[in-house]
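> Dropping the structure in here first, questions after.
In this note's numbering, the protein residues as written are 815 to 1014.
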């Protein structure tokens, strides 16, 4: 992460590849996923955070493909020694995908809104692994005490169904502590396979 690069055509952008290395108790590598969230944490933090995500099942015959491992949903990448470690949290977390995420650097907080859990996010060892469940709540990650995670009710959204997809941003210059703005996405009934109504 400390490499410099020149954006000019004659300089090019170096592409660096680092094999995944782990430290910690689980002795497994962080899974390769899509539709998760990538948090940068506090403004002075030299770590990066990967949360949630889903395995790609479009081509399971691809060489090297592996099913969803029994891995924690939150991982921390140390930019100094290029290692990953799983992060334990104050509340149990499922692995969501397709939620909306945002960082509040000044406060050292990150946010993850709703999302879904399905057979591509659940471990291959999960009993009765099938179906989709839509997830309630707004997760608040405190990067100054990384084990601290709160799940805030999203009933303030007017009693509508939880949301899949869309985007979310933190804007610091409004209000006393900034505001979160969530746009777009799909409302979905959390108790059934989603019949989705697009909203703007």
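Heads up, the beta-carbon is just placed ideally off N, CA and C, and yes, glycines get one too.
Could you say if the region 856-868 and the region 909-927 meet the contact criterion of at least three C-beta pairs nearer than 8 Å?
The answer is yes - the region 909-927 touches the region 856-868, with three or more Cβ pairs under 8 Å.
> Under a three-way DSSP split, which group does residue 914 fall into?
Against the chain shown, residue 914 aligns to sequence position 100. Strand at residue 914.
> In angstroms, rounded to a whole number, what distance separates the CA positions of residue 993 and residue 875?
Here residue 993 corresponds to residue number 179 of the chain shown, with the count starting at 1. Here residue 875 corresponds to residue number 61 of the chain shown, with the count starting at 1. So the two alpha carbons sit approximately 45 Å from each other.
> If we count the other Cβ atoms within 10 Å of its Cβ and call it buried at 16 or more, is residue 935 buried or exposed?
Working through the chain shown from its first residue, we reach residue 935 at position 121. Label assigned to residue 935: buried.
> Is the region 951-968 touching the region 897-904 in the sense that three or more CB pairs, one from each, lie closer than 8 Å?
At 8 Å Cβ cutoff, the stretches touch.
> If distances are taken between C-alpha atoms only, which option among 893, 907, 889 comes closest to residue 899?
The count along the chain shown starts at 1 and reaches residue 899 at position 85. Answer by Cα proximity: 889.
> With a Cβ-Cβ cutoff of 9 Å, do residue 855 and residue 913 count as a contact?
The residue you call residue 855 lines up with position 41 of the chain shown. The residue you call residue 913 lines up with position 99 of the chain shown. It is not a contact, given that the beta carbons lie outside the stated cut-off.
> Between residue 909 and residue 988, what straight-line distance do the alpha-carbon atoms span, to the nearest angstrom?
Numbered from its first residue, the chain shown carries residue 909 at position 95. Numbered from its first residue, the chain shown carries residue 988 at position 174. Computed Cα separation, rounded: 31 Å.
> Can you tell me where the beta strand (DSSP E) with residue 853 in it begins and where it stops?
Counting from 1 along the chain shown, the entry for residue 853 is found at position 39. 851-853 is the span of the beta strand (DSSP E), which, as asked, contains residue 853.
> Helix, strand or coil: how does DSSP classify residue 921 here?
Within the chain shown, residue 921 is the residue found at index 107, counting from 1. Note: residue 921 maps to helix in three-state DSSP.
> Keeping to the same chain, check which residues put their C-beta closer than 7 Å to that of residue 894; ignore five residues upstream and five downstream.
Residue 894 sits at position 80 when you count from the first residue of the chain shown. So the qualifying residues of the chain are 860.
> Quick check for students: name the residue ranges of the beta strand (DSSP E) that lie wholly in the region 857-908, counting only runs of 3 or more.
Runs found: 861-865, 888-892, 897-900.
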